[in-house]
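Participant:
Numbering (this note's numbering), first residue to last: 88 to 197.
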């Protein structure tokens, strides 16, 4: 994935902050906020590891699960035309729309 970095099994979104001239990392999929700043990639990895360690220690102290849980279900609003095209693509592969979308997302996000 573009603009992401994995640190100790956790993924962070990386964006440049022009106001301070540094890159900012923010861990995603957590039950709270954990961010970090650095001027280069090595610094991002180092500061990210420190930020993550502090976050995980706080979770342990408070008895909080660090990772956000997901149900595996979400609603998606798309145009009727796109819906029809996706349904046709799924049928052409002999799959349900859910199977086709799951496979397509899995292939893109791997």
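For every residue, glycine included, the Cβ atom is placed at its ideal position computed from N, Cα and C.
Within 10 Å of its beta-carbon, does residue 163 have 16 or more other beta-carbons around it, so buried, or fewer, so exposed?
Facilitator: Classification for residue 163: exposed.
Participant: Would you give the residue range spanned by the alpha helix (DSSP H) that residue 147 belongs to?
Facilitator: Residues 128 to 149.
Participant: Taking 8 Å as the cut-off, decide whether the C-beta atoms of residue 134 and residue 124 are in contact.
Facilitator: Yes, the pair counts as a contact, with Cβ atoms nearer than the cut-off.
Participant: Tell me the rounded alpha-carbon separation between residue 131 and residue 100.
Facilitator: Going from the Cα of residue 131 to the Cα of residue 100 covers about 11 Å.
Participant: Kindly indicate which three-state DSSP category residue 91 falls into: helix, strand or coil?
Facilitator: In the structure shown, residue 91 sits in a strand (DSSP, three-state: E or B).
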